[in-house]
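In the numbering used here, the protein residues as written are 290 to 540.
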């Protein structure tokens, strides 16, 4: 509709930000991707809810650098309730909540103790706990590693380009939202399947070709050395025969 309206309100003709169609498009694509990766059932419903919540949190954190309790806290409860009926199971979900919230809380506490200023908001703590509730503790570790790595890359890039301060504030919740897509068990399982189906056969074929090339080179090297040594031996024998003939003629 944004395209048909020319980016303006139908009634007052006020401009409509392009962020709205972009968010709608990204959400639709994520829904298609999650539906492709996840079997039908309660698990699919849980994953779609998580995607929808994280898209909202991504936008809010990017613009306002806040992660509302009204979204994250109910999200933790909803994720845990879904775990009672399906993956990751209530034990992994509970561990995900404790690990997701506990690790970031410990980091925030340590930073404040050393620098005497807030370096990580409590919204990030609750958001990672929510991701843990939906995906389990293993996905929490992957999400934390990927989001930290991505945040560091972006932060260093911004500092290098703008020559800003090392105390640059980045909305960490946006990186958590992005990282969770790669950390979900379904995405990990599908990536393994694609690697096994398309990448490994080519790698194995490449290894087979490389092995055949090495064997061919070794065989030809052996033939060359045999021919070379045979030539040397023939030359030596010919020289010895010639010397023997001269000696005999002199006698």
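For glycine and all other residues, C-beta sits at the position ideal for the given N, C-alpha and C.
No experiment lies behind these values; they were computed from the predicted model shown.
Our contact map puts residue 432 next to residue 347 with C-beta atoms below 8 Å; I'd like the distance itself, whole angstroms only. Wrong, their Cβ atoms sit about 14 Å apart, outside the cutoff.
Pick from 409, 471 and 309: whose alpha carbon is nearest that of residue 420? 471
Can you tell me whether residue 447 is buried or exposed? The criterion is at least 16 other CB atoms within 10 Å of its CB, across all chains shown.
exposed
* To do: Could you tell me whether the Cβ atoms of residue 413 and residue 465 are closer together than 8 Å?
  => yes
Quiz item: With 16 as the cutoff for other CB atoms within 10 Å, does residue 434 come out buried or exposed?
Solution: exposed
**OP:** For residue 375, I'd like the list of residues in its chain whose CB is within less than 6 Å of its CB, leaving aside the five on either flank, ordered along the chain.
**Re:** 331 and 332
Quiz item: What is the C-beta distance between residue 371 and residue 423, in whole angstroms, given that I count them as a contact (C-beta under 8 Å)?
Solution: 7 Å
Practice problem: Kindly confirm or deny that the region 334-344 and the region 305-319 touch, where touching means at least three C-beta pairs closer than 8 Å. | Solution: yes
Would residue 416 and residue 327 be called neighbours here (beta carbons separated by less than 8 Å)? no
Please classify residue 369: is it buried, with 16 or more other beta-carbons within 10 angstroms of its beta-carbon, or exposed? buried
- Task: Run the CB neighbour count on residue 353, radius 10 Å, all protein chains shown included, and call it buried at 16 or more, exposed below.
- Result: exposed
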